[in-house]
Amino acid sequence: MNAIEVTGLTKAFHGRKVVDDVSLSVARGEIAGFLGPNGSGKTTCIRMMCGLLTPDAGDGQVLGHDIRREARAIKRQVGYMTQKFSYYEDLTIEENLAFVAGLYALPAEAVRDTLAGLGLTSRRSQLAGSLSGGWKQRLALAACIMHKPKLLLLDEPTAGVDPKARREFWDEIHGLAADGLTVLVSTHYMDEAERCHRINYIAYGRLIAHGTVPEVIASAGLTTFLVTADRPGELAARLRKAPGVEQVAPFGTTLHVTGTDRAALERALTEAGASFQPGETSLEDVFIRLMGQSRDNMA
Amino acid sequence: MTGISLRRLGALLRKELIQMRRDRITFAMMLLVPLMQLVLFGYAINSDPKHLPAALVAPTQDRFSRAMVSALELTGYYDFTHVGISATEAEALITRGAVAFVVTLPSDFGRRVERGDAPQILIEADATDPSVASGAISTLGTVAAEALQRETGASPTQPPVGIVVHKRYNPEGITQYNIVPGLLGVVLQMILVMMTSMALTREIERGTMENLLALPATPVEIMLGKVMPYMGVGAVQVAVVLLAARLLFGVPFVGSFGVLAAGIFTFVLALVILGYLISTLARTQMQAMQLTFFFFLPSLMLSGFMFPFRGMPGWAQTLGEVFPLTHFLRLIRAVMLKGAGQPDIAQPMAALMVFVLVYGLLALARFRRTLD
Ligand SMILES: Nc1ncnc2c1ncn2[C@@H]1O[C@H](COP(=O)(O)OP(=O)(O)OP(=O)(O)O)[C@@H](O)[C@H]1O
Ligand SMILES: [Mg+2]
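Residue numbers (full-length UniProt numbering), protein chains in the order written: chain A, 1 to 299; chain B, 1 to 372.
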């Protein structure tokens, strides 16, 4: 049975639907990415899954418990890391961890081990509010896995975290998943999306793409060419106006030119007198296209 | 299922206590404000002030009038700032409030004293605040008589003067001891309701509510975790105020301490739960503060603290019954001043318990388990 199985989740704030008919399933032991532009409803979805918000419509199960009626049972087995740091800034690192440990009735060693794992044993008496942004994230993550949950709901856990710590974080996530933990993680980073087993893309409250990364890329049906130019800025400006060209993204001296119609794209590039070669469509190209598409659908 | 886990409650309590301790200003306020209020309120209402400005209207200056003035000044109550003025001038002074007393000697004062026919002295006192005048007036008769006896050298069987006192503007006084026990209720209500009304709004405003709700604590545990530390604060405040009432104001305590403690405990419990109820209703700390005052002001007016309860119109008395303070005032005055025992205060005690129950149930019903 899937760790998360929700159908038709809908939530409106002040008459505006911010999550609209979202159905999502995440298998046990899977690392599922949750992507989408700002304000697309990721946080709202996650809150509904762990019983912090009541859906207006839709229902489902998390770890086999009904999300409407068994929020308490879900909370016990889920580790939820909020997007905004929501531990106590006027408590020390150790006091925060002890608070969480107490609520889950964990032994005192849990706090000691977590401190050691974070490498924060020597700084345990520092107020959480005085930690840097990245360290706050790491503390929050450590606190929400302390009780060995079966499902982790992580809302942008690596925002503002340095590359090395991010790598360590993902290594740890994969390690935990190998032991059977399920993870749903929202992120804006493409490299992190690619580290997920499957991704779910939400825009304007609707789930518009899901699957493995190659599946999502393939389903978009995009063609990308790499264009090298002496003055990429000028060429990019010209190409953006050309028919068949949907995206032009400069990467140093190369331009990634993307479109759905391969023939039209080749014509536009030849007319512009650019030298080009086929390239791989990236997840980012796909997402930007999906974002534009769904905005058109909304309008 | 909603059983209370001591482990979880302990974690919640520890966290609240640490936060309380770290918040220095609030912590200091919780201890200093009651003391400050007691001293300010207590002295303002309950004082026996000295060195009050006075005027002397004496058409003739002789050794008797001088002896009277110096004897009165010696009591410490009177400072004659205006001497030898006319009755019209004195009237203007007391109306303006420039003097608290006007002492008027009759024109043939000295002669009549010597003749021994007990001339009358008129003391007019500004009794807008009755407590101001009472001490000064009560010493007056004996002092004046003694002074004049010394002057005449005789010890006549009848008093040498007759004293006529006019208490002006507010002829009845109010009982002093009423105030300080009542003040305990007011101080507790103010601090405890205000503090606990922030309990949840603080979590919401700091963004920690989302996490607290995601953790496995039950609504009852959260409520107890929030209000119990303030019971402790209340206990300290009670000790401070009762001690000060004794040492500073000499308020008598004739009742049983056990009975009083039980009453105070129930009252404090009702207050902290009321504060918590307010915090489940308010969205921001500002709203919580406003709701607290919305409750605080009428309860101050209608509880019988400010105005005698029996003096209020019927509707106001009925309204007054909905405030815990009303019942607490009856309870504490009865116990401290009249020595009432358990059976005598059963009624206010039961009322307070009803408040605890009603507020607690309302708070649990209002508590939002979600962020909706
Ligand atoms: N409690 C609320 N009341 C009113 N509107 C809300 C509330 N919570 C969220 N919204 C709105 O719902 C929409 C979706 O918000 P949500 O936080 O779920 O987006 P998100 O995908 O997590 O965005 P981000 O990537 O910026 O974190 C936003 O427009 C937001 O303003
Ligand atoms: Mg979000």
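C-beta: ideal position from N, C-alpha, C; glycine also.
These numbers come from a predicted model, not from an experiment.
Residues from the stretch 85–113 of chain A in contact with chain B, defined by Cβ distance under 8 Å: 85, 86, 87, 88, 89, 90, 91, 95, 98, 99, 100, 101, 102, 103, 104, 105
Could you tell me the alpha carbon to alpha carbon distance between residue 288 (chain A) and residue 41 (chain A), rounded to whole angstroms? 17 Å
With 16 as the cutoff for other CB atoms within 10 Å, does residue 194 (chain B) come out buried or exposed? buried
Strictly below 9 Å CB to CB, what residues from chain B border residue 150 (chain A)? Near residue 150 (chain A) there are no residues of chain B at all, since even the closest Cβ is about 14 Å away, more than 9 Å.
State the Cα-Cα distance for the pair residue 172 (chain B) and residue 115 (chain B), rounded to the nearest angstrom. The pLDDT assigned to residue 172 (chain B) is 39, lower than 50, so where the model puts this residue is not dependable, and the model offers no usable value.
Output, in chain order, the set of chain A residues within a Cβ distance shorter than 7 Å of residue 210 (chain B). 52, 82, 86
Does the Cβ of residue 96 (chain A) have 16 or more other Cβ atoms within 10 Å, making it buried, or fewer, making it exposed? buried
Nearest-angstrom Cβ-Cβ length linking residue 373 (chain B) and residue 266 (chain B), presumed shorter than 8 Å: Given a span of 1 to 372 for chain B in the structure shown, any question on residue 373 (chain B) remains unanswerable.
Does the distance from the CB of residue 68 (chain A) to the CB of residue 56 (chain A) come in under 7 Å? no
Assuming contact is defined by CB atoms lying nearer than 7 Å, are residue 184 (chain A) and residue 34 (chain A) in contact in what I supplied? yes
Residue 84 (chain A) - containing alpha helix (DSSP H), residue span: Residue 84 (chain A) -> no alpha helix (DSSP H), and no H or E assigned at all.
Could you check what DSSP says for residue 124 (chain B) in three-state terms: helix, strand or coil? strand
Can you tell me whether residue 275 (chain B) is buried or exposed, with buried defined as 16 or more other CB within 10 angstroms of its CB? buried
Within 10 angstroms of its Cβ, does residue 257 (chain A) collect 16 or more other Cβ (buried), or is it exposed? buried
Can you look up residue 300 (chain A) in the DSSP assignment and give me helix, strand or coil? Here chain A comprises residues numbered 1 to 299, so residue 300 (chain A) is not present and cannot be evaluated.
Does the stretch 7–22 of chain B come into contact with the stretch 96–105 of chain A, if we say contact requires no fewer than three beta-carbon pairs (one atom in each stretch) closer than 8 Å? yes
CB contact below 7 Å: residue 3 (chain B) versus chain A: no
Any contact of the stretch 180–197 of chain A with the stretch 219–229 of chain A, i.e. 3+ C-beta pairs under 8 Å? no
Counting only runs of 3+ residues fully inside the stretch 130–160 of chain A, write out the beta strand (DSSP E) ranges in chain order. 151–155
For residue 279 (chain A), write down the residues that DSSP places opposite it in a beta bridge. A:224
Identify, in the order they occur along the chain, each residue of the same chain with its Cβ nearer than 7 Å to the Cβ of residue 202 (chain B), setting aside the five sequence neighbours on each side. 285
Can you find a heavy atom of ligand 2 that lies under 6 Å from the Cβ of residue 43 (chain A)? yes
Within 7 Å (strictly less), CB to CB, does residue 75 (chain A) reach chain B? yes
Applying the criterion that 16 or more other CB atoms from any shown protein chain within 10 Å of the CB defines a buried residue, is residue 38 (chain A) buried or exposed? exposed
Say whether chain A places a C-beta atom closer than 7 Å to the C-beta of residue 338 (chain B). no
Just verifying my parser: in three-state terms, what is the DSSP assignment at residue 169 (chain B)? Below a pLDDT of 50, predicted positions are generally treated as unreliable, and residue 169 (chain B), at 45, falls in that range; no measurement from the model is reported.
Quick one: does residue 189 (chain B) have its CB under 7 Å from some CB of chain A? no
For the beta strand (DSSP E) containing residue 33 (chain A), list its first residue and its last residue. 31–35
On the three-state DSSP scale, how would you describe residue 174 (chain B)? Here residue 174 (chain B) scores only 38 on pLDDT, less than 50, and its place in the model is too uncertain to base an answer on.
Helix, strand or coil for residue 99 (chain B), going by three-state DSSP, please let me know. coil
Within 10 Å of its beta-carbon, does residue 47 (chain A) have 16 or more other beta-carbons around it, so buried, or fewer, so exposed? buried
For the stretch 31–61 of chain A, list every residue whose C-beta sits within 8 Å of some C-beta in chain B, in sequence order. 47, 50, 51, 52, 53, 54
What does DSSP give as the partner residues of residue 345 (chain B) in its beta bridges? DSSP output for residue 345 (chain B) lists no bridge partner at all.
Counting only beta-carbon separations shorter than 7 Å, does residue 216 (chain B) have a partner in chain A? yes
Assuming contact is defined by CB atoms lying nearer than 7 Å, are residue 54 (chain A) and residue 370 (chain B) in contact in what I supplied? yes
Whole-number beta carbon distance between residue 91 (chain A) and residue 74 (chain A), since they are thought to touch under 8 Å: No, residue 74 (chain A) and residue 91 (chain A) are not in contact; Cβ-Cβ is about 26 Å, not under 8 Å.
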